[in-house]
Structures are given as structure tokens and as C-alpha cells.
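Once you know that position 548 of the sequence shown is 574 in my numbering, the rest is easy, because the numbers rise by one and skip nothing. Don't be surprised by glycine CBs; every beta carbon is placed ideally from N, CA and C.
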Amino acid sequence: MANIETHILEVLEGLELDVLTTNTVVVGTGSAGFCAATRLVEFGQDDVVIVTDKTKAGTSRNAGSDKQTYYKLTLAGSEPDSVREMASTLFAGGAMDGDNALAEAALSARTFLHLCDIGVPFPRNEYGEFVGYKTDHDPRQRATSVGPYTSRSMVEALEKKAQEQGIPVISECRVVDLIVDDDKVIGLLVLRRDRDWDAAHPPLLLIRCTNVVYATGGPAMLYANSVFPHGQWGASGAGYRAGVVGKNVTEWQFGLASLRPRWNVSGTYMQVVPRFISTEPDGSDPREFLLDAIPDRGRLASLIFLKGYQWPFDIRKARDGSSVIDLLVYRETQLRGRRVYLDFMYNIADEPFDPDQLEPEARTYLERAGALQNSPIERLIHMNRPAYDFYLEKGPRVDLATELLEVDVCAQHNNGGFAVDSWWRSNLEGFFPVGEAAGSHGVYRPGGSALNSGQVGATRAAEYIAKRRAQAPSEDSASFVNAARGPVGEALGLVNAAAVNAAEGVELTSLDLLQQLAELMSADAGPVRSATSIDQASVTIGQWLADLPRIVSADPDSRRLVDRLFLLRDALTTAFVYTSAMSDFVHKDAGSRGSVLYSDPAGAFPVEGDLDQVVSAADDSELFRFRLSGTDLDSTTQEVRLAGSGESPEVEISWRDVRPIPADDDFFENVWRRYRETGGVS
Ligand SMILES: Cc1cc2nc3c(=O)[nH]c(=O)nc-3n(C[C@H](O)[C@H](O)[C@H](O)COP(=O)(O)OP(=O)(O)OC[C@H]3O[C@@H](n4cnc5c(N)ncnc54)[C@H](O)[C@@H]3O)c2cc1C
27 MANIETHILE
37 VLEGLELDVL
47 TTNTVVVGTG
57 SAGFCAATRL
67 VEFGQDDVVI
77 VTDKTKAGTS
87 RNAGSDKQTY
97 YKLTLAGSEP
107 DSVREMASTL
117 FAGGAMDGDN
127 ALAEAALSAR
137 TFLHLCDIGV
147 PFPRNEYGEF
157 VGYKTDHDPR
167 QRATSVGPYT
177 SRSMVEALEK
187 KAQEQGIPVI
197 SECRVVDLIV
207 DDDKVIGLLV
217 LRRDRDWDAA
227 HPPLLLIRCT
237 NVVYATGGPA
247 MLYANSVFPH
257 GQWGASGAGY
267 RAGVVGKNVT
277 EWQFGLASLR
287 PRWNVSGTYM
297 QVVPRFISTE
307 PDGSDPREFL
317 LDAIPDRGRL
327 ASLIFLKGYQ
337 WPFDIRKARD
347 GSSVIDLLVY
357 RETQLRGRRV
367 YLDFMYNIAD
377 EPFDPDQLEP
387 EARTYLERAG
397 ALQNSPIERL
407 IHMNRPAYDF
417 YLEKGPRVDL
427 ATELLEVDVC
437 AQHNNGGFAV
447 DSWWRSNLEG
457 FFPVGEAAGS
467 HGVYRPGGSA
477 LNSGQVGATR
487 AAEYIAKRRA
497 QAPSEDSASF
507 VNAARGPVGE
517 ALGLVNAAAV
527 NAAEGVELTS
537 LDLLQQLAEL
547 MSADAGPVRS
557 ATSIDQASVT
567 IGQWLADLPR
577 IVSADPDSRR
587 LVDRLFLLRD
597 ALTTAFVYTS
607 AMSDFVHKDA
617 GSRGSVLYSD
627 PAGAFPVEGD
637 LDQVVSAADD
647 SELFRFRLSG
657 TDLDSTTQEV
667 RLAGSGESPE
677 VEISWRDVRP
687 IPADDDFFEN
697 VWRRYRETGG
707 VS
């Protein structure tokens, strides 16, 4: 079992810091982090410590939707499925590496059943079949769900197991930097956020280790319009600062979500066809703005209905499909500065509900569900009472029967992240990004595959570490101190500079700049991106990053401002890498794909006909012209790496062919022999 007693090392002259030594540090207490830690112990490596900024934070524990989905291999019924077929589905998302797809399919059943065995109540029939349903980008019925809180249920079961295994969790630790020696990770520097800053005894902890499993989740702090839960930040910047390569970082999922509380308004919330209202910021001038663009009420109702199970904004459905709704909401909030609300009290145009106006798919569904009541709220309560209750209970409380619900197009998931191989190893030896921090997905992914990927990546990394990297960290303290000196010195320098700025009256605090960054990203690098907006954002962010020690203040007596200072540096680093990647992408002139509209003045408007006229009459029309990308880029992936530092950050960008799905030429006797020789880890 890991020993969490620390010893002291003099890192800079006269500066001693606590050092904890362990074989593996897992960062993050989400579904991926707890999975990695528990698997490490199961596989025989019990010298593992978990650190996290807040044990109860993170996306897995605090996010969900009306039916949060887990994607797995078919384990029920008579329809055929196979590991190779599931790998092909994942790979078909485009820009995905085939060995990741194959591993995610091959370990799908194993990791899913592991969750079942430790108590996650995935539904099964009386014979034990895990009956599934079809999710987006899914040719089978591979999806399953525990309900709105599938990922929370996973975290709680995994956390319980970690407690039973006696794995220590050190909370209130903010990632500051990785400690790297010769392209190898040898440790981690964290800020103890529960302690006051004292320049002579700074609340910094060094962890000396052989492996870091990085389960810090997605870089949620990048976007102001976000449905990531409050308290999820991410720590990707530390990885980029250490030279870890990122992949597909341009690829995000955006979709309609309520702002207070943050929650996806997918599924039943859309299938009951609420009306959409926009107002001026002060609540004046309420208008049903969607009708301006889509006056045909039946068509509008059908498009809203479809948003229920076509939740993410998908550029392929933005020409004349349900994603037009996302674009019109985006235009209202981001370009016109208005606020948008869902109104469940009234039908579109306050008219009686007429199912005959609906297109057949929507009408049949509502008829079968017996949901033909007159108002959206009656239909919601009839079809999914828990979805109505959710807003009464979650906080801030909203009674959908009497109140409007504010929504926007929000960032929900980063498909890209750190590049990993089939063992979830990064280019930095000993550094294993897993879960959303890893960039294992392509442009599109089946709903629910993020949770599968997190379990698979964590299991693969744990298996590799247990079998190949079980050695204790090097005992060479001089080398460790040598490698730690730079990150520690920079951390002290940053706090010192921000403290001097605060004393000199600089008003821009770390908190303010973090907010400005998120607003800039949502305005210029969200679901709609133009070459001009992206280039400008990238330049601005690069300048903020270079100037950081001079422009921002943080009173060192404020734990919050010091904590935010490190978050800010992390966020600026990540945002600079990401916007540089977006800028490279947009100048490839490849068209739009995934969950992003890249404006193209030579392209077409979203919808021919009525919307074309309405949009083209507006000042902001040019932004909405776009061209769909072809499939050329699907077989390639964009990689990014931060080069340069301090005042001259730079991002190196390259494209390579994706790795294909490994050939299916395994003959049992050969596999068995190799397994006996290598334990399955080659
Ligand atoms: C609204 C919503 C709905 C979703 N629905 C689905 C779905 O239906 N199906 C699906 O597959 N996926 C879904 N996802 C995505 C999925 O939930 C996440 O990808 C997944 O939970 C991420 O798990 P993780 O363990 O990698 O990270 P997280 O669960 O986010 O955990 C990250 C951990 O790292 C810690 N941490 C973060 N930053 C720092 C830092 N700077 N320093 C120290 N510690 C830090 C956090 O406190 C946390 O413990 C949804 C996401 C959202 C937001």
C-alpha cells in the first residue's frame, strides 16, 4: 500500500518542499481516475496515490442528461455484433486512430462488466441480457443507461472500491506542472489549495513517481458557455507545457443546454416541443425568433422534436436539419446579444397543439407515447416526470410549469486531447492521459463512447504500468531536484509577480482574466468560427500568455486568487494551443465538420428558401455561410505541440495519417504463445 508520508528536499536555495514518493500518481477522481487506481491495485501495483483538486468535483460525478448513455458491445438479443464491427463504428467517426478504436471495442465488454460487478445498476432482463438502445452514430443498439446519472453511479461504485482497497486520496491539490527529465515524467508539482500562501514556505507539494495517470477530464475552463459542471477545470496546460503532444483538439461537441442549472436539454425536453423565446438582456421585447426563420409551424415543431435525439450540434444537419435550431439560438445570443429561453407553458405561436402538423416521425412517436396533451409541460410530465422534477430539485430551482428556462449553445465535450497509443501512453515516457484528457476520439463519436473510452484507457494504462513499469522512482535526488527546480521557480515567480502587481494597484485579477478568456473563446472559437475570429483570438491569447506576469494581479493572501492564477496559466496555455490548431485548420480551407461551422464567404446559407432570405438580410449573415468538408481529412489527424515558452510561445502543428485498425490475422496458438511470453503487453 502506498505510503503517503512525505520527506523534505531543498529544491531552491533555502527553500524546502514536501516530497511524496510513489510508483504511480493518478490525478483526478472522476470515472477514469478511480478506474485506473482500482485496476492498478487489482493488477498488483498497490503503490498508488490519487490526487485531485476536489474529490467531489469533475464531470463524471456532476453531469448527466435525461438519459445519460454508456456505449458498449452488444450483449443482448439476436442481432450480430463483433469487436471488429464496433471498432469500425468508432473508427468511422473520422480522424481516429484504429488501434485506439480496436482496444476500445475489445475491452468494451470487460470494462462494462467490471462496472456491473462492482454495483453499477445497468438494466438487464430476467435472463441477464443487457438490452440496449440505439444512440447517435450507432448502427446497432449498443447503448445503455442507468438514468440521468450514469457516470455518477460509476464514480460512486469505483470510489467505494478504491476505499475498500485502501487507496489514499489527497484532495485540494491543484496541478501546477509536470516534472520532466529527458522526455520522461518523473513527478508532479501541485498547489495545496487548502493552505495559505507563504513565500518562505509555499504550499507546494512535489510528488516523485515512475508514472502519472492523468485523468483530469476535459479543459472545461475554456468556454464561458458551457455545460461542464462548475468545479471542473482541467489541467491540460501542464501537459502541453511539458511537451506532451495533443491530437484532434479542434474537435468539440456543442449543444443546447440550460445555463442555471447547467444541464443538457436533450431527449424529452425537446421531444415535447417547447417554444423558444428570446428577449433583450433586461427581459424586454420577448419574441418567438425561430418563427422569423422557419414560419412553417409544423416544420419548426418537427425540427425541435428531432433535437431530442440529435442533441449535439452537427454541421451535417445544419443545412436543413435539426441543427438549424442551434445556429439560430447561437445567432440570437452570441451575435445579437439577446437571451434565449425555453417555454414549456405554451405551444409554438401559442396555438393549440396539432399533431397533424408534425412530420410522421415526430407524430408517430408522440402518439405511441400517448403524449398528445395540449401544452408542452403536460406532455413532459406525462412522458418523463423525473425530467420535470429535475429542475425543481437541482438548484437553482426552476418550475417549468410556471417559469422560463434560459438556454444557450454550450460546450459539452472535447473529443480531442493528448495523443495516446493503444496502451494510452503519450509521447512523454511514464505519462498516461486517460478519460476525457486523452484525445482518443475522432470527429464524430457514438453517444456514450466517452464513458467507455475512459474505462478502457484507464484499464489499459493500469495493465501496462503493472506489467512494465512497476519499478520505484529513481533514488537519484539530485536529478529530481534539478528537474523540479524550473517548475518550482516559475511557480514562485508567477505568484510573486502577481503579488507585486496587486500591490501596485493592477486591477485585472486572475479571476477576471480567466473570465475574459472564456468569453473570448465562446464568442470566437465556439461552434461558429471564422478565419478572422480564430486568428484574432489566437493572437490575443498568445499575447496574454506571454505577458501574464506583467498584466495580472493576485493578492497572495487570497487562496482563491492564487489558485486561479495557476488555473489561468493552464487555461491560457491550453487555449493558445487550441486556437493555434483551429487557425491551422481553418486555413486548410477544408470546409466544416463535426460540431463546428467554419464560415466560408463562398459557401451557402444553412437553409435554402425562407431562412436564406432572413439570414441574408441580417448584418451577421456572412458568418453563417459554410461548405461541408469532404472525407479527405478523415484519414488524417492533426497533432499539436507547444514549443517555445515564456514570452515567445509557439505551437508546432503537423498532420499525419491515422493508424489503421490493426489487421485481423491472429491465430490462437500464436496469440497464446505471445501471451505466455509477454503477459499480453508487448
Ligand atoms: C452534460 C454532460 C453530459 C454528458 N453525457 C454523456 C453521455 O451521455 N455519455 C458519455 O459517454 N459521455 C457523456 N459526457 C461526457 C463524460 O461525462 C465525460 O467525458 C467523462 O465523465 C469524463 O470523465 P473523466 O474521469 O475523464 O473526467 P472527470 O469526471 O471530469 O474528472 C476529472 C477529475 O480531475 C480533477 N481535476 C480537474 N482539473 C484539475 C486540476 N487542474 N487539478 C487537479 N485536479 C483536477 C477533477 O476534480 C476530477 O476529479 C457528458 C458530459 C457532460 C458535461
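Asked, Found
"Report whether the distance from the Cβ of Val424 to the nearest heavy atom of ligand 1 is below 7 Å.", "no"
"Hey, out of Leu35, Ala129, Glu36 and Gly265, whose CA is closest to Ser448's CA?", "Ala129"
"Count Cβ pairs between the stretch 498-511 and the stretch 566-584 that sit closer than 8 Å; are there 3 or more?", "no"
"Relative to the C-alpha of Gly103, which candidate in Ser57, Val157, Phe117 and Val146 has its C-alpha closest?", "Val157"
"Go ahead and label Arg267 buried or exposed: buried means 16 or more other beta carbons lie within 10 angstroms of its beta carbon, across all protein chains shown.", "buried"
"Which value, in whole angstroms, describes the spacing of the CA atoms of Gly119 and Arg221?", "45 Å"
"Cβ of Trp337 within 7 Å of any heavy atom in ligand 1?", "no"
"Would you say Leu454 and Gly269 are within 8 Å of each other, going by their C-beta atoms?", "yes"
"Helix or strand or just coil, what does DSSP make of Asp636?", "Annotation note: pLDDT 47 at Asp636 (below 50); position unreliable, coordinate value reported separately. If DSSP states are grouped into helix, strand and coil, Asp636 belongs with the helices."
"Any heavy atom of ligand 1 closer than 7 Å to the beta-carbon of Ala83?", "yes"
"Please state the DSSP three-state secondary structure of Arg423.", "coil"
"According to DSSP, is Tyr8 part of a helix, a strand, or is it coil?", "There is simply no residue 8 to check, as the chain begins at 27 and stops at 708 in what is shown."
"Taking all protein chains shown into account, decide if Val286 is buried (16 or more other Cβ within 10 angstroms of its Cβ) or exposed.", "It should be pointed out that residue 286 corresponds to Arg in this sequence rather than to Val. With fewer than 16 Cβ atoms within 10 Å of its Cβ, Arg286 is classed as exposed."
"Is it a yes or a no for the stretch 175-187 touching the stretch 211-221, going by three-plus beta-carbon pairs under 8 Å?", "no"
"So is Ser284 buried or exposed if we call it buried at 16+ other beta carbons inside 10 Å?", "buried"
"Would Asn440 be called buried (16 or more neighbouring beta carbons within 10 Å of its own) or exposed?", "buried"
"Using the Cβ count rule (16 or more neighbours within 10 Å means buried), how would you classify Phe694?", "exposed"
"Cβ of Val53 within 7 Å of any heavy atom in ligand 1?", "yes"
"Using the rule of at least 16 other Cβ atoms within 10 Å of the residue's Cβ for burial, across every protein chain shown, is Trp337 buried or exposed?", "buried"
"Taking all protein chains shown into account, do 16 or more other C-beta atoms lie within 10 angstroms of the C-beta of Gln497, making it buried, or fewer, making it exposed?", "exposed"
"Measure the CB-CB distance between Val275 and Gly145 and report whether it falls below 8 Å.", "no"
"If the criterion is Cβ atoms closer than 8 Å, does the pair Leu230 and Leu43 meet it?", "yes"
"Grouping DSSP H, G and I as helix and E and B as strand, with all else coil, what is Thr81?", "coil"
"With a threshold of 7 Å (Cβ to nearest heavy atom), would Ala268 be considered close to ligand 1?", "no"
"Pop quiz: Gly243 and Gly54 are said to be a contact at Cβ under 8 Å. What is the actual Cβ separation, rounded to whole angstroms?", "6 Å"
"Does any heavy atom of ligand 1 sit closer than 7 Å to the C-beta of Lys80?", "yes"
"State the Cα-Cα distance for the pair Gln360 and Ser466, rounded to the nearest angstrom.", "30 Å"
"Could you spell out the range, first to last residue, of the beta strand (DSSP E) harbouring Ala283?", "Trp278 to Ser284"
"Along the chain, where does the beta strand (DSSP E) that runs through Trp449 open and close?", "From DSSP, Trp449 is part of no beta strand (DSSP E); its letter is neither H nor E."
"Apart from the five residues just before and just after Ala529, which ones in its own chain have a Cβ nearer than 6 Å to its Cβ?", "none"
"CB of Cys199 to nearest heavy atom of ligand 1: below 7 Å?", "yes"
"Using 8 Å as the threshold, is the C-beta distance between Leu316 and Leu354 below it?", "yes"
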